[in-house]
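> When we follow the working numbering, the leftmost residue of the sequence shown carries the number 32, and every step to the right adds one.
Even glycine gets a Cβ: it sits at the ideal position worked out from N, Cα and C.
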Amino acid sequence: MNEPRNVVVERQGAIAIATINRPDKRNALDNPTRFQLLAAFDELRHDTLVRVVVLTGAGTKAFIAGADVNEFVGRKPVEVLKALHETTIFDAADAFPKPLIAMINGWCLGSGNELAMACDIRVAAETARFGQPEINLGMMPGGGATQRLPRLVGLGKAFKLLYTGQIIDANEALKIGLVDEVVPARELRSRTMLLAEMIATRSAVALQMIKEGIRASVRAPLDDGLRHEASLASVVFTSKDMAEGVAAFLGKRQAHFTGE
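Right under this line is the structure:
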């Protein structure tokens, strides 16, 4: 019997859209889904035609409503942790070398919020809702919320959200810095794709180096980060894309980047 397609990937030119496809479960993450998402990330990482990836959930009710709690029933805590660490989708998203945009179309809770935080940019529908409700089950986050949430919203707000399990709406998420843009639900796909298309026209070399530099900035002291940025810039400054960008600017024409 074939395994259900819990992750569906479609391509539109230089943009790939990866959709968590469990709408009957509000796109909750179970082990098969996590493994399929890892496989999708690996495939898209090596697809030279794909410049930008958009991650979303099927339907209109949920982006990802968290982990599938049914997997916790009857299992020892150590088994649950082992399963989570075997499918490190959060680290895979964080380390994905191409721009990764979360298109958040509904409930974005627990593991779903952790996965969204591991993306580069988060665009949310006005109807989206966010939170880390693990505390309500006597649990704590295991996918990076204690690390990524305070980096995005600050210590006090992170403590409040994690201590209380409070659910917040999209406008509050925008206000505290958890998401980067909020749009009407009917415009979510078009606005997200417009952003993705804009980014896809940029130099793939420069985009990858920018992403690596920003990731390093939150992991290293400033002096180390500046040195790392300089080494990344040296790669970009010797690329064909930069030569093309400068020539196009001087020639008053549109640049054509090849990713070299």
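Would you mind working out which of Thr-91, Ala-123, Pro-54, Thr-87 sits nearest Glu-74, comparing C-alpha positions?
Here residue 74 refers to the residue found at position 43 of the sequence shown. Considering only alpha carbons, the answer is Ala-123.
> Opposite Thr-50 in the DSSP bridges: which residues?
Walking along the sequence shown from the start, residue 50 turns up at place 19. In DSSP, Thr-50 forms a bridge with Val-39, Thr-87.
> Kindly list the residues whose CB is nearer than 7 Å to the CB of Ala-71, restricted to its own chain and excluding five residues on each side of it in sequence; keep chain order.
Walking along the sequence shown from the start, residue 71 turns up at place 40. Only Val-38, Val-40, Ala-49 meet the Cβ criterion.
> What's the C-alpha gap between Met-32 and Ile-230?
Within the sequence shown, residue 32 is the residue found at index 1, counting from 1. Within the sequence shown, residue 230 is the residue found at index 199, counting from 1. Note that Met-32 scores a pLDDT of 49, beneath 50, so its modelled location is shaky and nothing firm can be said.
> For Ala-124, report the span of its alpha helix (DSSP H) as first-last.
Within the sequence shown, the letter at position 93 stands for residue 124. It spans 120–126 - the alpha helix (DSSP H) in which Ala-124 sits, taken as one unbroken run.
> DSSP three-state label for Asp-200, please.
Locating residue 200 in the sequence shown gives position 169, counting from the first residue. Asp-200: strand per DSSP, three-state reduction.
> How many angstroms separate the CA atom of Ala-201 from the CA atom of Thr-87?
In the sequence shown, counting from the first residue as 1, residue 201 sits at position 170. In the sequence shown, counting from the first residue as 1, residue 87 sits at position 56. When rounded, the distance between both Cα atoms is 16 Å.
> Count the other CB atoms within 10 Å of the CB of Pro-252; is the residue buried (16 or more) or exposed (fewer)?
Against the sequence shown, residue 252 aligns to sequence position 221. Pro-252 is exposed by the Cβ-count criterion.
> Here's the rule: buried if 16 or more other CB atoms are within 10 angstroms of the residue's CB, otherwise exposed. What is Asp-125?
Residue mapping note: residue 125 aligns to position 94 of the sequence shown, counting from 1. Buried, since its Cβ has 16 or more Cβ neighbours within 10 Å.
> So is Ala-93 buried or exposed if we call it buried at 16+ other beta carbons inside 10 Å?
Taking the first residue of the sequence shown as position 1, residue 93 is located at position 62. Ala-93 should be labelled buried.
> Below 9 Å between beta carbons: does that hold for Leu-27 and Arg-284?
Examination of residue 27 is not possible in this model, given that the chain is present from 32 through 291 alone.
> For Arg-179, report the span of its beta strand (DSSP E) as first-last.
Here residue 179 refers to the residue found at position 148 of the sequence shown. Counting along the chain, Arg-179 falls outside any beta strand (DSSP E), though it belongs to the alpha helix (DSSP H) covering 176–184.
> Just the C-alpha distance for Phe-121 and Arg-53, rounded to the nearest angstrom, thanks.
Sequence index remark: in the sequence shown, residue 121 carries index 90 (1-based). Sequence index remark: in the sequence shown, residue 53 carries index 22 (1-based). Computed Cα separation, rounded: 19 Å.
> To the nearest angstrom, how far is the alpha carbon of Met-171 from that of Asn-144?
Along the sequence shown, one-based indexing puts residue 171 at 140. Along the sequence shown, one-based indexing puts residue 144 at 113. Going by the C-alpha atoms only, they are around 13 Å apart.
> Since Asn-7 contacts Ile-51 with CB under 8 Å, what's their CB separation in whole angstroms?
The structure shown has nothing for residue 7, since the chain only spans 32 to 291.
> Quick check on DSSP: helix, strand or coil for Phe-72?
Along the sequence shown, read from residue 1 onward, the residue named residue 72 stands at position 41. Phe-72 falls in the helix class under three-state DSSP.
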